[in-house]
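Our numbering puts the first residue of the sequence shown at 2, with every later residue one more than the last. C-beta: ideal position from N, C-alpha, C; glycine also.
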Amino acid sequence: MDKIRGSVFAGLGTGIFAVNFVSMKVLLENLPAMSTLFLRFSVAMVSLFLFLAFKKADLKVEKHDYKPLFITGLLGMFAYYVLFSFSLRFISASVACLLCSLIPIITLFCESFIKKVKLEPLAVISLLISTYGVYLVIGSASRSHSSSSALSGVILMLFAICSWIAYTFKTEYLLSKYDDMKVLAYQNMFAVIVLIPLSAFELPHILNANFSASQMLFLSGNVLFVGVLGSAVAYYAFILGIKHLGVAISSAYMNIMPAITMATSYFVLGEEVTPQKIAGCILVIAAVFIITFKDDIKNTFVTKKAA
2 MDKIRGSVFA GLGTGIFAVN FVSMKVLLEN LPAMSTLFLR FSVAMVSLFL FLAFKKADLK
62 VEKHDYKPLF ITGLLGMFAY YVLFSFSLRF ISASVACLLC SLIPIITLFC ESFIKKVKLE
122 PLAVISLLIS TYGVYLVIGS ASRSHSSSSA LSGVILMLFA ICSWIAYTFK TEYLLSKYDD
182 MKVLAYQNMF AVIVLIPLSA FELPHILNAN FSASQMLFLS GNVLFVGVLG SAVAYYAFIL
242 GIKHLGVAIS SAYMNIMPAI TMATSYFVLG EEVTPQKIAG CILVIAAVFI ITFKDDIKNT
302 FVTKKAA
């Protein structure tokens, strides 16, 4: 029963995370970037603090921890999403998601460089496979965009990924002291504070926008989706998945995220899905699976060799 529940929670979290890319693409095609992010993080902040209040959680934070909370909010919420938002001007939601799925591989290489640990052969193999997979997808994407604009989008997304990796390293200390939802709530709060003056410049554009009632309803639904579901529900569901299944199996669900985003983009945004794009997606998913289960793969080979 625990495995079924865990699978439902991990699958739900992964599905929401995947569709989140498409929903953000929809919002950014209709609203200015800073205003979109301000709305997203405002809704997320309110929903997270309400969730914590419902749980009767302690909201207090030690004074000296406000600085790391601000820095991580700046890296993981503000910087990551600003770069991510601008990258979506040049690349599709499915390509952005595919690049994001490389985070475990890039993190492993960064950790190896920082800690000066020798990389295992499986890690190198996964990097080569994923690089070729991304090359296939970008090559396919450049047919619908110019090669230079597609490259610009990829570079912006890679900077966003670097910002996210820095965020994960910096957040490790905070998660060892506080509830993860509390950390997320404060990080969203600091992102909102930073975005207030930036989004204020876009206010005339918002006020002069001429949206129909149906468009307003559609955009409001997307704001609620990325703010409540994408920032709170998905995160909490995935945590429950980890509790029931463990980190390794739950992470395996995240590996199929690019495929879900690609399918959603096809139906919602009308993005082209080519055999080359599918092949690239499969290669990246395979590479991430290798890095996720590298210890199990290594142990299997050792056991067979010993037998």
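- Residue environment for Met-25: buried (at least 16 other C-beta atoms within 10 angstroms of its C-beta).
- Scanning Ile-139, Lys-4, Leu-196 and Gly-231 for the CA closest to the CA of Val-20 turns up Gly-231.
- Exposure of Gly-247 is indicated by the presence of fewer than 16 other C-beta atoms within 10 angstroms of its C-beta.
- Beta-carbon to beta-carbon, Gly-154 and Phe-91 are separated by about 3 Å, close enough to satisfy the 8 Å threshold.
- For the pair Gly-77 and Phe-191, the CB atoms are not nearer than the 7 Å cut-off.
- Taken through DSSP and simplified to helix, strand or coil, Asp-59 comes out as coil.
- Phe-114 sits exposed, since fewer than 16 C-beta atoms from the chains shown fall within 10 Å of its C-beta.
- By the C-beta density criterion, Gly-242 is buried, having at least 16 other C-beta atoms within 10 angstroms.
- Contact annotation, Leu-270 with Gly-134: C-beta distance approximately 21 Å; criterion of less than 8 Å not satisfied.
- In this structure, DSSP gives Tyr-179 a state outside helix and strand, which the three-state scheme calls coil.
- DSSP places Phe-268 in the helix class (H, G or I) of the three-state scheme.
- For Leu-49 against Ala-238, the beta-carbon gap comes to about 14 Å, at or over 8 Å, which does not count as contact.
- In the three-state reduction of the DSSP assignment, Lys-119 falls in the coil class, being assigned neither a helical nor a strand state.
- Taking 7 Å as the cut-off, the Cβ atoms of Thr-275 and Ala-94 do not count as close.
- Here DSSP, grouped into helix, strand and coil, assigns Arg-90 to coil.
- The alpha-carbon of Thr-169 is positioned some 22 Å away from that of Gly-12.
- Proximity of the segment 212–227 to the segment 162–182 falls short of the contact definition, fewer than three beta-carbon pairs being nearer than 8 Å.
- Apart from the 5 residues on each side of it in sequence, Ile-104 sits with its Cβ closer than 7 Å to the Cβ of Ile-162, Trp-165 and Ile-166 in its chain, given in chain order.
- Linking Phe-55 to Tyr-82 through their CA atoms gives a straight-line distance of about 28 Å.
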